[in-house]
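What follows is a short report on a single structure.
Dropping the structure here:
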């Protein structure tokens, strides 16, 4: 019983880490896209 509980906790922690990592990647992609868009408008103005 104890083994299955620790296995469950371990797998759920891994899942949360994967989710946090993919979330961070998504945020970085959105941020990079907005920076690129800002740079495009900045360069097109000059």
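Residue numbers (the working numbering): 272 to 317. All C-beta atoms, glycine included, are put in the ideal place defined by N, C-alpha and C. Here the structure is a predicted model, which means the values were calculated and not measured.
Within the same chain, show all residues whose beta-carbon is closer than 7 angstroms to that of residue 287, passing over the 5 residues directly before and after it, in chain order. Correct list: empty, nothing qualifies.
Using only the alpha-carbon positions, how far apart do residue 300 and residue 307 sit? 10 angstroms
Would you tell me roughly how many angstroms separate the C-alpha atoms of residue 289 and residue 305, rounded to the nearest one? 24 angstroms
Length of the line joining the Cα atoms of residue 314 and residue 302: Each residue's CA atom was taken as its position, placing residue 314 and residue 302 some 18 angstroms apart.
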